[in-house]
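Chemist:
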Amino acid sequence: MGIERSKNIWRVLIRLFFLTLALYICGFYGLEHIRDRKGPWVVTFDAVASRPTMIIEQKALGINGFKIIFENVNTNGLTSGKVRFDNPKLNAQPMDQTPESSQELKQRAFDVPFGECIYQDLMFLPGVVTMNLLGHEIELMPRTLVINKKQMPWDSAKGAIVILPQDSKD
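According to the numbering used here, the sequence shown is numbered sequentially starting from 1205.
Structure representation (structure tokens):
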């Protein structure tokens, strides 16, 4: 009788282990799907035109071909390119192990055409991306676009926003 009771306990423990494992796997991949389902910001930088242009796309939000045009900018040295903001490791920096700085969030800027990306939060895509481009701070957020600390709606019907040099951040 004691041997049978011992076998039953092991069966229960093994079933509990596999149930826990299945719940963990479903939870992990379910959360990964929720994080990635809307997709990243895709930004195309066009320096070939006489006016450098930034074209923003985010299909899940209905943003397709939204343009930010930089007027009266010297295009020498600018490069064109396309950036997908889906890799949080681009601005990762190892944490210091000293007690006084271990609580601080450490990120480093990384280069993008026209400037640098100074912050990105990609926990749930599309996330928030902040860039310093040609002397202007541009922040991409799902609910709004922020240019030089001024909120602007994602109005794709309008199609483009023109930024002048005097509109530069304060």
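The beta carbon of each residue, even a glycine, is placed where N, CA and C say it ideally should be.
Measure the C-alpha to C-alpha separation of I1365 and L1235 and round it to an integer number of angstroms.
Modeler: As a position in the sequence shown, residue 1365 is number 161, starting the count at 1. As a position in the sequence shown, residue 1235 is number 31, starting the count at 1. For I1365 and L1235, the distance between alpha carbons rounds to 36 Å.
Chemist: Who are the Cβ neighbours of D1240 in its own chain at under 6 Å, not counting the five residues just before and after it?
Modeler: Numbered from its first residue, the sequence shown carries residue 1240 at position 36. Excluding positions up to five away in sequence, the list reads L1329.
Chemist: When you compare only the Cα positions, how much space is there between T1283 and P1317?
Modeler: As a working note, residue 1283 is residue 79 in the sequence shown. As a working note, residue 1317 is residue 113 in the sequence shown. Using only the alpha carbons, I get a separation of about 6 Å.
Chemist: Report the residue from M1345, N1276, W1358 whose alpha carbon sits nearest the alpha carbon of G1339.
Modeler: In the sequence shown, residue 1339 corresponds to position 135, counting from 1. It is N1276 whose Cα lies nearest to the Cα of G1339.
Chemist: Please identify the residue among T1248, Q1355, Y1228 whose C-alpha is closest to the C-alpha of W1273.
Modeler: One-based indexing of the sequence shown puts residue 1273 at position 69. Here residue 1273 turns out to be Ile, not Trp, going by the sequence shown. For I1273, the nearest C-alpha among the options comes from T1248.
Chemist: In this structure, how does DSSP classify V1333 when only helix, strand and coil are distinguished?
Modeler: Reading the sequence shown from its first residue, position 129 is the one you call residue 1333. Note: V1333 maps to strand in three-state DSSP.
Chemist: Can you have a look at Q1262 and say buried or exposed, based on whether 16 or more other CB atoms are within 10 angstroms of its CB?
Modeler: Position 58 of the sequence shown holds residue 1262. Result: buried.
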